[in-house]
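Novice: In this note's numbering, the protein residues as written are 2 to 88. Please read through the structure below; I'll follow up with questions.
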């Protein structure tokens, strides 16, 4: 078993860093990056809805929570952290 693990480790060390694909961070256009960001945000929104979260707007702050009581608590914690960190 140990020899098999050593063999896999040696094979992994000899593998190239890339498999001939393009380096996405360097070659994407700004429009493609914007599209990826829009899709990412849309999927995050869908995940939050699947988890049963709702969006609340409390004192001008948008927050995702299960219910209004939790949303108020989260906003209070956020305001407390912001006030303690700035001064």
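Glycine included, every Cβ here is placed at the ideal spot set by N, Cα and C.
Can you round the beta-carbon distance between residue 45 and residue 57 to whole angstroms, since I take them to be within the 8 Å contact cut?
Specialist: Not really, about 17 Å apart at Cβ, beyond 8 Å.
Novice: What does DSSP give as the partner residues of residue 57 in its beta bridges?
Specialist: 64
Novice: What are the boundary residues of the alpha helix (DSSP H) that residue 46 is part of?
Specialist: 31-51
Novice: How should residue 40 be labelled, buried or exposed, when 16 other C-beta atoms within 10 angstroms of its C-beta is the threshold for buried?
Specialist: exposed
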